Amino acid sequence: MDIKEIKAVIDLMRKNSLTEFEYEKDGTKIRIRRGPDGEPQVFASSPSLIPAPAVLPIATGLPLSTPTPAPAAVAPAVAQEKLPSINSPMVGTFYSSPAPDAPAYVDVGTVVNAETVVCIIEAMKVMNEIKAEMSGTITEILAENGKPVEFGKPLFRIKPA
Amino acid sequence: MFDKILIANRGEIALRVIRACKDLGIRTLAVYSEPDHDSLHVQAADEAICIGPGPSPQSYLKIDRIISAAEVGDVDAIHPGYGFLSESAHFAEVCQSCNIRFIGPSPDSIRRMGDKSLARENARKAGVPIPPGSDGPVQTEQEAIKAAKKIGYPVMIKAVAGGGGKGMRPAHNDVSLVKGFLAARMEAEKAFGNPEVYLEKFIEDPHHIEFQILGDKRGKIVHLGERDCSIQRRHQKLLEEAPSPLIDNDLRKKMGRAAIKLAEAVHYENAGTMEFLVDGNGNYYFLEMNTRIQVEHPVTEEVYGIDLVKEQIKIAAGERIPSEFENLRPQRHAIEFRINAEDPAMDFRPCPGTISLYYPPGGIGIRMDSHMYGGYSIPPFYDSMIGKLIAVGPDRATAIARMQRALDETIIRGVKTTIPLGQRIVRDQDFRRGKYSTHFLERFFEKKVQNSS
Numbered sequence: 018m019d020i021k022e023i024k025a026v027i028d029l030m031r032k033n034s035l036t037e038f039e040y041e042k043d044g045t046k047i048r049i050r051r052g053p054d055g056e057p058q059v060f061a062s063s064p065s066l067i068p069a070p071a072v073l074p075i076a077t078g079l080p081l082s083t084p085t086p087a088p089a090a091v092a093p094a095v096a097q098e099k100l101p102s103i104n105s106p107m108v109g110t111f112y113s114s115p116a117p118d119a120p121a122y123v124d125v126g127t128v129v130n131a132e133t134v135v136c137i138i139e140a141m142k143v144m145n146e147i148k149a150e151m152s153g154t155i156t157e158i159l160a161e162n163g164k165p166v167e168f169g170k171p172l173f174r175i176k177p178a
Numbered sequence: 005m006f007d008k009i010l011i012a013n014r015g016e017i018a019l020r021v022i023r024a025c026k027d028l029g030i031r032t033l034a035v036y037s038e039p040d041h042d043s044l045h046v047q048a049a050d051e052a053i054c055i056g057p058g059p060s061p062q063s064y065l066k067i068d069r070i071i072s073a074a075e076v077g078d079v080d081a082i083h084p085g086y087g088f089l090s091e092s093a094h095f096a097e098v099c100q101s102c103n104i105r106f107i108g109p110s111p112d113s114i115r116r117m118g119d120k121s122l123a124r125e126n127a128r129k130a131g132v133p134i135p136p137g138s139d140g141p142v143q144t145e146q147e148a149i150k151a152a153k154k155i156g157y158p159v160m161i162k163a164v165a166g167g168g169g170k171g172m173r174p175a176h177n178d179v180s181l182v183k184g185f186l187a188a189r190m191e192a193e194k195a196f197g198n199p200e201v202y203l204e205k206f207i208e209d210p211h212h213i214e215f216q217i218l219g220d221k222r223g224k225i226v227h228l229g230e231r232d233c234s235i236q237r238r239h240q241k242l243l244e245e246a247p248s249p250l251i252d253n254d255l256r257k258k259m260g261r262a263a264i265k266l267a268e269a270v271h272y273e274n275a276g277t278m279e280f281l282v283d284g285n286g287n288y289y290f291l292e293m294n295t296r297i298q299v300e301h302p303v304t305e306e307v308y309g310i311d312l313v314k315e316q317i318k319i320a321a322g323e324r325i326p327s328e329f330e331n332l333r334p335q336r337h338a339i340e341f342r343i344n345a346e347d348p349a350m351d352f353r354p355c356p357g358t359i360s361l362y363y364p365p366g367g368i369g370i371r372m373d374s375h376m377y378g379g380y381s382i383p384p385f386y387d388s389m390i391g392k393l394i395a396v397g398p399d400r401a402t403a404i405a406r407m408q409r410a411l412d413e414t415i416i417r418g419v420k421t422t423i424p425l426g427q428r429i430v431r432d433q434d435f436r437r438g439k440y441s442t443h444f445l446e447r448f449f450e451k452k453v454q455n456s457s
């Protein structure tokens, strides 16, 4: 029942001098009884129906949407595994291979060491070779070829050696 | 008009710029540091790019990352806000060479007026009064006496290698000058390793008065009146108001003309502020220029009904300054109080923390420029200002009454703020009478100590 319907019921009760009304549907029960002074009291079992007046609550956070992801996404990376990631040290465009027709620097399963170049991030027309900075095996490629990345964006998931 | 602007800043000014962009239908790209991920300006922008970790030198001051973000985001212009890179001629130049419009003056203007001594030189050449001083250090007592005679007592003896208020002592006559000269040299040698001192006119009980100017690409410069920023603690402004209780229409005209003349001399473009010291006799002296939008710009906006940030964007996009902006007279009175997350009881120590409850003031004549919200965690890496409370009224008394009401209404829980100090300042009799100088706060604190003992 919504507020309109409840008001309509209360009206009906008044007009017809009824003292009690009960309604149940799909687990929600509502009972309206006219109190000693004739005014209706509403009892609802599903708490969301008539919320109690709220004291100024301690806000938990601003309910604004996170920024839309074009062209660089802000959505924090959800770590599916507890494995570390190689993160972008700069802002720019991610490229997985040294040239458009060349094979990718690394793939899932590639074993790398600290000096292995894993990708290129282009910033201001400069192609920067990004090193793994740790030894291990690439388990996941998290960035998309040709797409912009921001500082801190996880590029690869790596299983440390 | 621009299609998209990158805001190279954070906090309340980033939000301010984003609001002006929204009003103009311009899309916004925010850059932010990792701890600022949940900041309001990031949420309010259309797009956002992370540019580094907390410390500013690794994020908000990283020109390469900001420019990268500008390219990745395909923006037309960058607004630098205040602080950070807003007065970096180098940054303005990099923007230029990357074909991105810098919303501010030219790199040349920033250099010519950003350098304090160059600025004074430009002022002198433009016929704008500067604090009289000895031309360079004085080596002997005789030189000192001669210089003091030329300048006129009282004078301030300043260490050449000093700064930040250190190594200065006043002298009111020849006798105290000689004594002070010798003592100052000894002190300077000990403190700075350089005994050299020079003389400057000692301006007693000055007001810090600054003039807002705007210049467009066609070379038209206008001034939008003054702001009185005398209420400072350790050279940090706490409260500003427009118009100044000290300035009458004649002095406003004179100083306004001087500000415009100086801006014209350096072909200044976009928003800027000329700072002056004014004594009780209507004598004014040029101090320095800020080649950017200022923190306290809202008081000018409220008094003249002009959106200064919007004007900055329009000027940068090539629009003319409207002729209606010339020779405006202040129609209203506005006061701004800076709310800092600081503990006044602990010598204003910064209090980063989480705001558990925030209820902003409202009602007629109240404006709050802030990035605060309930649940927001103030990061420890940046300055402690969390909001600016502005009260406007048809006259000064109404503005003060509204400021008092608004400060009393505001609830910020979870961090200590300077609001209690603001509540005491607006109730102070000297402040209410408009009788104050840059020494107001020190005397105010002394009064408090006396009263409590």
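So the protein lines, in turn, are chains U and C.
Residue numbering for the first sequence follows this note's numbering, starting at 18 and increasing by one per position.
Residue numbering for the second sequence follows this note's numbering, starting at 5 and increasing by one per position.
Think of the CB as a built atom: it goes at the ideal place given N, C-alpha and C, for glycine as much as any other residue.
Note that the coordinates shown come from a computational prediction; the quantities given were computed from them, not determined experimentally.
Nearest to residue i by CA position, among the options, is which residue?
i, options, result
"Q298(C)", "L33(C), A275(C), H41(C)", "A275(C)"
"H45(C)", "I217(C), I390(C), G29(C), I394(C)", "I390(C)"
"Y157(C)", "I207(C), A187(C), M190(C)", "I207(C)"
"P177(U)", "L29(U), T127(U), G163(U)", "T127(U)"
"D7(C)", "E16(C), Y272(C), D27(C)", "D27(C)"
"N331(C)", "C54(C), G367(C), M259(C), R128(C)", "M259(C)"
"D373(C)", "Y380(C), P364(C), Q240(C)", "P364(C)"
"A163(C)", "K150(C), I155(C), V179(C), L203(C)", "L203(C)"
"R371(C)", "Q427(C), P398(C), V303(C), P384(C)", "V303(C)"
"E146(U)", "V123(U), I155(U), T156(U), L159(U)", "V123(U)"
"N285(C)", "D254(C), Q335(C), E273(C)", "D254(C)"
"F352(C)", "R237(C), I394(C), C99(C)", "R237(C)"
"I394(C)", "H337(C), K150(C), D311(C), F444(C)", "H337(C)"
"V159(C)", "V98(C), A165(C), F185(C)", "F185(C)"
"A34(C)", "A49(C), R23(C), G108(C), C25(C)", "A49(C)"
"R400(C)", "G367(C), P383(C), K439(C), F385(C)", "K439(C)"
Identify the contact partners of residue i in chain U, using a Cβ-Cβ distance below 7 Å as the criterion.
i, result
"C2(C)", "Any question about residue 2(C) goes unanswered here, given that chain C covers just 5 to 457."
"G56(C)", "F168"
"R69(C)", "M107, V108, F168"
"R38(C)", "It is Glu, not Arg, that sits at residue 38(C) in the sequence shown. In chain order: G169."
In whole angstroms, what is the alpha-carbon distance linking residue i and residue j?
i, j, result
"A349(C)", "L172(U)", "47 Å"
"T414(C)", "I423(C)", "8 Å"
"E193(C)", "G140(C)", "17 Å"
"T295(C)", "G153(U)", "51 Å"
"A18(C)", "M376(C)", "13 Å"
"V143(U)", "P39(C)", "28 Å"
"D232(C)", "A187(C)", "35 Å"
"M172(C)", "P210(C)", "16 Å"
"G56(C)", "E244(C)", "34 Å"
"D347(C)", "T421(C)", "6 Å"
"R256(C)", "L250(C)", "10 Å"
"T83(U)", "Q316(C)", "Because T83(U) sits at a pLDDT of 43, beneath the cut-off of 50, its placement in the model cannot be relied upon, and the point is left open."
"N130(U)", "L159(U)", "19 Å"
"C136(U)", "A116(U)", "11 Å"
"A152(C)", "G369(C)", "49 Å"
"S327(C)", "H212(C)", "29 Å"
"R447(C)", "K221(C)", "45 Å"
"D28(U)", "D43(U)", "24 Å"
"A87(U)", "A149(U)", "Here A87(U) scores only 36 on pLDDT, less than 50, and its place in the model should not be relied on; the value that follows carries that caveat. Their Cα atoms are separated by approximately 27 Å."
"V419(C)", "G87(C)", "24 Å"
To the nearest whole angstrom, what separates the beta carbons of residue i and residue j, a pair I think is in contact under 8 Å?
i, j, result
"L65(C)", "L89(C)", "6 Å"
"V76(C)", "P106(U)", "Wrong, their Cβ atoms sit about 15 Å apart, outside the cutoff."
"I53(C)", "A73(C)", "4 Å"
"A81(C)", "A320(C)", "6 Å"
"E279(C)", "E292(C)", "5 Å"
"S43(C)", "R20(C)", "Not confirmed; about 13 Å, so no contact."
"H83(C)", "I9(C)", "6 Å"
"Y380(C)", "P133(C)", "About 45 Å; that fails the 8 Å criterion."
Against residue i, what residues of chain C qualify as contacts under a CB-to-CB distance less than 8 Å, listed in chain order?
i, result
"M141(U)", "D68, I71, S72, E75, C102"
Using the DSSP secondary-structure output, state which residues sit across from residue i in a beta bridge.
i, result
"D412(C)", "Paired residue(s): none; D412(C) is not in a bridge."
"I103(U)", "F173(U)"
"I394(C)", "E340(C), R371(C)"
"K162(C)", "M172(C), Y202(C)"
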